[in-house]
Every structure is written in structure tokens, then in C-alpha cells.
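Undergrad: Line by line, the protein sequences give chains A and B. Just so we're aligned, residue 0 is where the first sequence starts under numbering that gives the first Met the number 0, counting upward by one. Just so we're aligned, residue 0 is where the second sequence starts under numbering that gives the first Met the number 0, counting upward by one. Here it is, the structure in full.
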Amino acid sequence: MIVNKRVQSSAAAAVSIFMFLLIWHLATRFSELGNILPSPIEVLTAFFVGFVVPVGTHTMFVHIVWSLSRVIPFYILGSAVGIVLGITMGWYPKAEAVFRPIFEIIRPIPPLAWIPISIVWFGIGEGSKWFLIFLAAFITVTMNVYTGAKVVDPVIVRCARMLGANERQIFTTIVLPSSVPFIFAGLQVGLSSSWATVVAAEMIRSSEGVGWIIISSLDVNDTVQTLIGIVGIGTVGYVLAIIIRGIESKLCKWNKRGI
Amino acid sequence: MKKGMKNLLLSTGSLTVFLLLWWICTDILEIVSPRTLPSPLKVFTTFIDKLTNKNPDGGTLIMHTLSSLRIALLGYGMGIFFGIPLGILMAWYSIVDLFVRPLFDLLKPIPGVAWVPLMIILFGIGLLSKATVIFISAIVPCVLNAYTGIKQTKDVHIWVAKTLGATNTQMLFKIAIPTSLPYIMTGMRVALGQAWVTIVAAELLASTIGLGFMIQQSRGMYRPDIIIVGMLTIGFLGSFLTYLLGLLEKAVVKGWHT
Numbered sequence: 000m001i002v003n004k005r006v007q008s009s010a011a012a013a014v015s016i017f018m019f020l021l022i023w024h025l026a027t028r029f030s031e032l033g034n035i036l037p038s039p040i041e042v043l044t045a046f047f048v049g050f051v052v053p054v055g056t057h058t059m060f061v062h063i064v065w066s067l068s069r070v071i072p073f074y075i076l077g078s079a080v081g082i083v084l085g086i087t088m089g090w091y092p093k094a095e096a097v098f099r100p101i102f103e104i105i106r107p108i109p110p111l112a113w114i115p116i117s118i119v120w121f122g123i124g125e126g127s128k129w130f131l132i133f134l135a136a137f138i139t140v141t142m143n144v145y146t147g148a149k150v151v152d153p154v155i156v157r158c159a160r161m162l163g164a165n166e167r168q169i170f171t172t173i174v175l176p177s178s179v180p181f182i183f184a185g186l187q188v189g190l191s192s193s194w195a196t197v198v199a200a201e202m203i204r205s206s207e208g209v210g211w212i213i214i215s216s217l218d219v220n221d222t223v224q225t226l227i228g229i230v231g232i233g234t235v236g237y238v239l240a241i242i243i244r245g246i247e248s249k250l251c252k253w254n255k256r257g258i
Numbered sequence: 000m001k002k003g004m005k006n007l008l009l010s011t012g013s014l015t016v017f018l019l020l021w022w023i024c025t026d027i028l029e030i031v032s033p034r035t036l037p038s039p040l041k042v043f044t045t046f047i048d049k050l051t052n053k054n055p056d057g058g059t060l061i062m063h064t065l066s067s068l069r070i071a072l073l074g075y076g077m078g079i080f081f082g083i084p085l086g087i088l089m090a091w092y093s094i095v096d097l098f099v100r101p102l103f104d105l106l107k108p109i110p111g112v113a114w115v116p117l118m119i120i121l122f123g124i125g126l127l128s129k130a131t132v133i134f135i136s137a138i139v140p141c142v143l144n145a146y147t148g149i150k151q152t153k154d155v156h157i158w159v160a161k162t163l164g165a166t167n168t169q170m171l172f173k174i175a176i177p178t179s180l181p182y183i184m185t186g187m188r189v190a191l192g193q194a195w196v197t198i199v200a201a202e203l204l205a206s207t208i209g210l211g212f213m214i215q216q217s218r219g220m221y222r223p224d225i226i227i228v229g230m231l232t233i234g235f236l237g238s239f240l241t242y243l244l245g246l247l248e249k250a251v252v253k254g255w256h257t
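Here's what the structure looks like:
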């Protein structure tokens, strides 16, 4: 029965994606739309050819690696700082009183709105992109971890206190473990936010990377290149999300979340 | 009570120290050049001035704000209008789920910004291209949350309704949708944040007015004071819109909280 359901849903998925591509193909083939939008066959061929033949200056693969090499180190750094600050603010009221007001000024400003000032501060090179990615990861992770450390069940804490646990024990055996699901929620949102940020930052100024593929296609009016850029960004974003979900299900099996 | 007062003092203290340090570094000791970081006083006077002054980017702060708000809310409204019913349909009718879900999964991992150049090619740099990009980024959280919300419907409630002879439509409107309301409101909140981020990004890339355009132009003209005013305005408006939505949420889902 379960196997049947699976077959049914993959069949439906295949049909619906095929129909979508077919309509797209027919629309570009037989209507005015064909003048500005390439057909899906052209886009998919160009996407795979892009792994062998350079798109602009590099192959697709090199562009993706460039973007990832900007994202990953500073995503990890931003998340690490975010986890520390979030837990400290969530658990120690004094730290909350000191850091919260300043954090509250920064938090609502979207990472992308930092692009102009980061260029003023760090130039148009790699520095400004690193800063933006750090910020994107830092803000989302801090926010989630802070919430996690705030909603620790007070009954458990009081229980531990009654049984004679000291503050350090309460912190390491109760507060930390119960924040883990929130840390992962933050890591997941932070990763997609960092990925979106690097794309935007590369669109503003860069000479390689997936954002560059898209923005340089505007200059040469090449919609095939725009679309392979979008396909590349979507694929990498999807793979990154799967990887982090895999790590989460390995590390905290007891916590299953929905979609 | 005493503890609360102490923390309040700490908070004001930390903000004051932050502003003082900023002021000392810029105006007093002049460690940082005003071309990189203007003093807090300068930011404040620029804010007041920019409310009425069109220079140097061709619009007052109010004009830019209204333009951004108009486009963001237009795209956001469309996202809600189509996204929530789509999420509900997907969760309630498995046939819709089977066929729409795969397409939705293809669309989901692409960040809103990535669509900007394509939409510029298709619709030009005006209102339509930006509203479409915002629509795409707002619809995703609306669909996801409405879907999750409907899926939370308790089997027991469905059984009771069935025993009492409710039709499928009645069960959808009397049980499933009320159950999903808190989730739908969450989706609307996330979508609002997304819409606001995306409008700023779209204006950074291509625009002739709007807050994103203002900060991008000011970078070219070495006016970091206007950039900071713009960033703070963007941040403040973002929180304010979320706050308004929170009020609506309280009014709508009263009593549904478990």
C-alpha cells in the first residue's frame, strides 16, 4: 500500500513537471513569448553544457564553488557567534538587558539592506560579501537560539534546583539540550538566508559566482544565461537544505519536525 | 519589581554607552572618517533634513518610503490572496497536492532576489516586475504554513463531524480552516518579512525610487549618513508592519491558542 502510494505520487510529480515544461515549451515556440523567453530544452541543455563549457569566465561548477567558498566559512562563523550570543541572552537576564536593545536595532534591518554600507566600509571586494554573509547567519541564528533558551520549561529547571543542581549543571544539562531544536531551526533559516545574500551581493558587484551569472546575463541580454543561473541557485539551495536536514536528523533523532 | 528596574537601567545604560562610543569615535576623537561612519548627531540631522529635502537622489524620505510600501504591499497582498487558498487546497484535496506539490518544490529553494533580472527582462524595471518578484517570495511561506495548518486538523474532530453527518465542505470550513488559522497567521508574518526584504533587494538592483534605491544612490555619492538613515527606516518600518500584523493576529485567533 505504501509502495503504491509512492509510485502514485512520483508518477503525478513526473506528469505535472512534464506538463509544466511542455506548456512552457509550446508557449515559447508558438507565441510572442518566444522572443524574450527561451524554451526549457534550450535552458536545460545550456545548464548541463555549462558544466563543461565556460559560462562567461568559468564553468558552472567553478561558479558554484566560488559562491560556496564565500558562504560556508562565514556562515559557520556567524552561526557560532549567534549560538553563543543567543544562549547567553536567553538564559542570563543581565546579558539580555545589556545586549538586547542594541540587537533589537540591528535585527529588523534585512541583511541585503547592509549591502551599500558594507561596500563603503569594506570595499567592493570579498570583504563586504563576507561581512554580509556573517550578518545574515548571525541575525537569524541569534534570534532562534534566543527564543529557544527563553522557552526552557521552568518546571524542569525548578526540579533540578530542588534536587541540588548548581547553575552550571542546569545550564549544560537542561538549557543547552532543550535549545538544540531551535539551534537547528536557526541554522536552517540562516543557511537559506546566507545563500540568498551571497546571490544578491554577487549581483551588485563580482566577477564570478552564481549571482554573477544572472546579473551579467542582463548586460548581454541573454535570457538562457539568466535561467541557468536561476536553475543553479535553486539546485544548490535545495542540496544545502537537504544536507542540513540530514545532519539534524542524525544529531537529534528525538525531534521530528514537519516539512 | 526591583530586578526589573535594575535591568531597565542596564538596558538604557548599554544603549547610552553604545551611542556615546559611536559619538566619541566620530565627532570627538575623529578616529573614523565621516566618509565611512558619520556621527550619530549627523545621522539624526540628516534624518530630519531628508524628510523634506529631495537632494541628492530626487526624492524625500517620505516619497521613497511610500513607493517601497506601495509595491511591497501590492505583491504581498497578491501572495496572500493566492497563497493561502492554494495551501488549503493542497492540504485538503490530495489530488491537488499530488500535482501542484512537485512544481511548488521546484520553486521553493530559489531565493526571491534571483528572479529580479528575469522579471526585469520580462516586465521592465517598473512596478510590475518588482510586484511579481515580491509575489513569488511572499507566496511560498503562505502556502507552506496554510498547508501545515490544515494538516494539524485532529482526526477526532473529523470523526465527530462525520458521525453527525457533515459534508466535506462543511468539515473544511468549520474544522480544518479554524484549526489552521494560527499557522496561516504565522505564514502571513513570515511572508511580510520576506516581502519587505525582497523589495529592498529589488530596488538595490534596478529602480528609480524607493528606500533601496536611496541607499544604493547614496553609496555612489559618498553619503553614508543617508545610507544609515535609510537602513534604520527600513528596519523600523519592518518591525512596525510586523507589529500591526501581530495586532490583527490577536484579534483574529483569539481563543484558538492552545
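The beta carbon of each residue, even a glycine, is placed where N, CA and C say it ideally should be.
So, at 6 Å on beta carbons, what are the nonlocal neighbours of Ile214 of chain A in its own chain, with the 5 sequence-adjacent residues on each side left out?
TA: As a working mapping, residue 214 of chain A is identified with position 215 in the first sequence. Met202.
Undergrad: For Val150 of chain A, name the three-state secondary structure that DSSP assigns.
TA: Here residue 150 of chain A is taken as the residue at index 151 of the first sequence, counted from 1. It is coil, neither helix nor strand.
Undergrad: Indicate whether at least one CB of chain A lies closer than 8 Å to the CB of Ser32 of chain B.
TA: As a working mapping, residue 32 of chain B is identified with position 33 in the second sequence. Not an interface residue.
Undergrad: Helix, strand or coil, according to DSSP, for Val31 of chain B in the structure here?
TA: Within the second sequence, the letter at position 32 stands for residue 31 of chain B. Three-state result, Val31 of chain B: coil.
Undergrad: Does any residue of chain B have a CB that is nearer than 8 Å to the CB of Val61 of chain A?
TA: As a first step, residue 61 of chain A is located in the first sequence; it is residue number 62 there, counting from the start. No, no contact with chain B.
Undergrad: Counting only C-beta atoms, is Gly163 of chain A closer than 8 Å to chain B at any point?
TA: As a first step, residue 163 of chain A must be located in the first sequence, where it is residue number 164. Gly163 of chain A does not count as touching chain B.
Undergrad: Taking the Cβ atom as the reference point for each residue, do Ser217 of chain B and Ile208 of chain B lie within a distance shorter than 8 Å?
TA: If you number the second sequence from 1, residue 217 of chain B lands on position 218. If you number the second sequence from 1, residue 208 of chain B lands on position 209. For Ser217 of chain B and Ile208 of chain B, no; Cβs fall outside 8 Å.
Undergrad: Could you tell me the distance, in whole angstroms, from the CA atom of Thr11 of chain B to the CA atom of Arg99 of chain A?
TA: Position 12 of the second sequence, counted from the first residue, corresponds to residue 11 of chain B. Position 100 of the first sequence, counted from the first residue, corresponds to residue 99 of chain A. Cα-Cα distance, rounded: 11 Å.
Undergrad: Hey, does Trp90 of chain A have any beta-carbon neighbour from chain B nearer than 8 Å?
TA: The count along the first sequence starts at 1 and reaches residue 90 of chain A at position 91. Not one chain B Cβ lies under 8 Å of Trp90 of chain A.
Undergrad: Which chain B residues are close to Leu190 of chain A, counting only those with a beta carbon under 9 Å from its beta carbon?
TA: Within the first sequence, the letter at position 191 stands for residue 190 of chain A. The premise fails here: Leu190 of chain A is roughly 11 Å from chain B at the closest Cβ pair, so nothing lies under 9 Å.
Undergrad: Tell me whether Val54 of chain A sits in a helix, a strand or coil according to DSSP, three-state version.
TA: What you label residue 54 of chain A is simply residue 55 of the first sequence in a count that begins at 1. It is a strand residue.
Undergrad: How about Ile208 of chain B: is its C-beta nearer than 8 Å to some C-beta of chain A?
TA: One-based indexing of the second sequence puts residue 208 of chain B at position 209. It does not: the Cβ of Ile208 of chain B has no partner Cβ on chain A nearer than 8 Å.
Undergrad: Interface residues of chain A around Gln215 of chain B at Cβ under 7 Å?
TA: One-based indexing of the second sequence puts residue 215 of chain B at position 216. Going along chain A in sequence order, the residues near Gln215 of chain B (Cβ under 7 Å) are Pro115.
Undergrad: Do Met299 of chain B and Cys141 of chain B have their C-beta atoms within less than 8 Å of each other?
TA: Lying outside 0 to 257, the shown extent of chain B, residue 299 of chain B is not represented and no answer is given.
Undergrad: Starting from the beta carbon of Met202 of chain A, find every residue of chain B whose beta carbon is closer than 8 Å, and list them in chain order.
TA: Numbered from 1 along the first sequence, position 203 holds the residue referred to as residue 202 of chain A. In chain order: Val112, Val115, Pro116 and Leu204.
Undergrad: So Cys141 of chain B is in the alpha helix (DSSP H); what residue range does that whole segment cover?
TA: Position 142 of the second sequence, counted from the first residue, corresponds to residue 141 of chain B. Here the alpha helix (DSSP H) through Cys141 of chain B covers Leu126 to Lys150.
Undergrad: Taking Cβ positions only, does Thr35 of chain B come closer than 8 Å to chain A?
TA: Taking the first residue of the second sequence as position 1, residue 35 of chain B is located at position 36. For Thr35 of chain B, the answer is yes, since a Cβ of chain A falls inside 8 Å of its Cβ.
Undergrad: What residues from chain A crowd round Ser10 of chain B, counting only those whose CB sits closer than 8 Å?
TA: As a position in the second sequence, residue 10 of chain B is number 11, starting the count at 1. Correct list: Ala96, Val97, Arg99 and Pro100.
Undergrad: Of the residues that make up the segment 182 to 200 of chain B, which ones have a beta carbon closer than 9 Å to any beta carbon in chain A?
TA: From the segment 182 to 200 of chain B, only Gly192, Trp195, Val196, Thr197, Val199 and Ala200 have a Cβ closer than 9 Å to chain A.
Undergrad: Which parts of the segment 153 to 200 of chain A are runs of the alpha helix (DSSP H), unbroken and 4 residues or longer, counting only runs that do not cross its ends?
TA: You should have 153 to 161 and 166 to 169.
Undergrad: According to DSSP, is Gly245 of chain A helix, strand or coil?
TA: Taking the first residue of the first sequence as position 1, residue 245 of chain A is located at position 246. If DSSP states are grouped into helix, strand and coil, Gly245 of chain A belongs with the helices.
Undergrad: So Leu121 of chain B contacts chain A; which residues on that side make the cut at Cβ distance below 8 Å?
TA: Against the second sequence, residue 121 of chain B aligns to sequence position 122. Chain A residues near Leu121 of chain B: Ile35 and Leu36.
Undergrad: Please determine, among A:Ile232, A:Glu247, A:Ser248 and A:His24, the residue with the shortest C-alpha to C-alpha distance to His62 of chain A.
TA: The residue given as residue 62 of chain A occupies position 63 in the first sequence. Considering only alpha carbons, the answer is A:Ile232.
Undergrad: For Gly77 of chain A versus Ala148 of chain A, is the C-beta distance shorter than 8 Å?
TA: Within the first sequence, the letter at position 78 stands for residue 77 of chain A. Within the first sequence, the letter at position 149 stands for residue 148 of chain A. Result no, Cβ atoms of Gly77 of chain A and Ala148 of chain A do not sit closer than 8 Å.
Undergrad: With 8 Å set as the bound, which would you pick, yes or no: does the beta-carbon of Phe212 of chain B sit closer than that to a beta-carbon of chain A?
TA: If you number the second sequence from 1, residue 212 of chain B lands on position 213. Not an interface residue.
Undergrad: If the cut is a Cβ gap below 7 Å, which residues of chain A does Ala238 of chain B touch?
TA: Position 239 of the second sequence, counted from the first residue, corresponds to residue 238 of chain B. In the sequence as displayed, the identity of residue 238 of chain B is Ser instead of Ala. Pro107, listed in chain order.
Undergrad: Applying a beta-carbon distance threshold of less than 9 Å, which residues of chain A neighbour Pro223 of chain B?
TA: Along the second sequence, read from residue 1 onward, the residue named residue 223 of chain B stands at position 224. Simply Pro115, Ile116, Val119 and Trp120.
Undergrad: For Pro153 of chain A, which option in A:Ser206, A:Trp90, A:Thr141 and A:Pro180 has the closest C-alpha, if you only look at C-alpha atoms?
TA: Here the question's residue 153 of chain A lines up with position 154 in the first sequence. Out of A:Ser206, A:Trp90, A:Thr141 and A:Pro180, A:Trp90 has the C-alpha closest to the C-alpha of Pro153 of chain A.
Undergrad: Tell me whether the segment 102 to 114 of chain B and the segment 237 to 246 of chain B touch, counting them as touching only if at least three CB pairs, one residue from each stretch, are closer than 8 Å.
TA: No: the two stretches stay apart, fewer than three of their Cβ pairs being nearer than 8 Å.
Undergrad: In chain order, what residues of the same chain lie with their CB nearer than 7 Å to the CB of Thr185 of chain B, ignoring the 5 residues before and after it?
TA: The residue given as residue 185 of chain B occupies position 186 in the second sequence. Here the set comprises Asn144.
Undergrad: Between the Cα of Gly210 of chain A and the Cα atoms of B:Met77, B:Leu117, B:Met4 and B:Gly76, which residue gives the shortest distance?
TA: For the purposes of this step, residue 210 of chain A is identified with residue 211 of the first sequence, where counting begins at 1. The shortest C-alpha separation from Gly210 of chain A is found at B:Leu117.
Undergrad: By the DSSP assignment, the alpha helix (DSSP H) with Asp104 of chain B in it spans what residues?
TA: As a working note, residue 104 of chain B is residue 105 in the second sequence. Taken as a continuous stretch (DSSP letters only), the alpha helix (DSSP H) holding Asp104 of chain B covers Ser93 to Leu106.
Undergrad: Restricting to Cα atoms, I'd like to know which of A:Ile16, A:Arg157 and A:Val119 is closest to Leu102 of chain B.
TA: Translated into positions along the second sequence, residue 102 of chain B becomes position 103. It is A:Ile16.
Undergrad: Just checking my contact of Gln49 of chain B with Val228 of chain B at CB under 8 Å: how many whole Å lie between their CB atoms?
TA: Against the second sequence, residue 49 of chain B aligns to sequence position 50. Against the second sequence, residue 228 of chain B aligns to sequence position 229. For the record, residue 49 of chain B in the displayed sequence is Lys; it is not Gln. Lys49 of chain B to Val228 of chain B, Cβ: 6 Å. Contact.
Undergrad: Roughly how many angstroms separate the alpha carbons of Gly76 of chain B and Leu65 of chain B, rounded to a whole number?
TA: Counting from 1 along the second sequence, the entry for residue 76 of chain B is found at position 77. Counting from 1 along the second sequence, the entry for residue 65 of chain B is found at position 66. Going by the C-alpha atoms only, they are around 16 Å apart.
Undergrad: Among residues of its own chain, excluding the 5 on either side of Gly85 of chain A, which ones have a beta-carbon nearer than 6 Å to its beta-carbon?
TA: Position 86 of the first sequence, counted from the start, is the residue given in the question as residue 85 of chain A. Correct list, in chain order: Thr141, Val144 and Tyr145.
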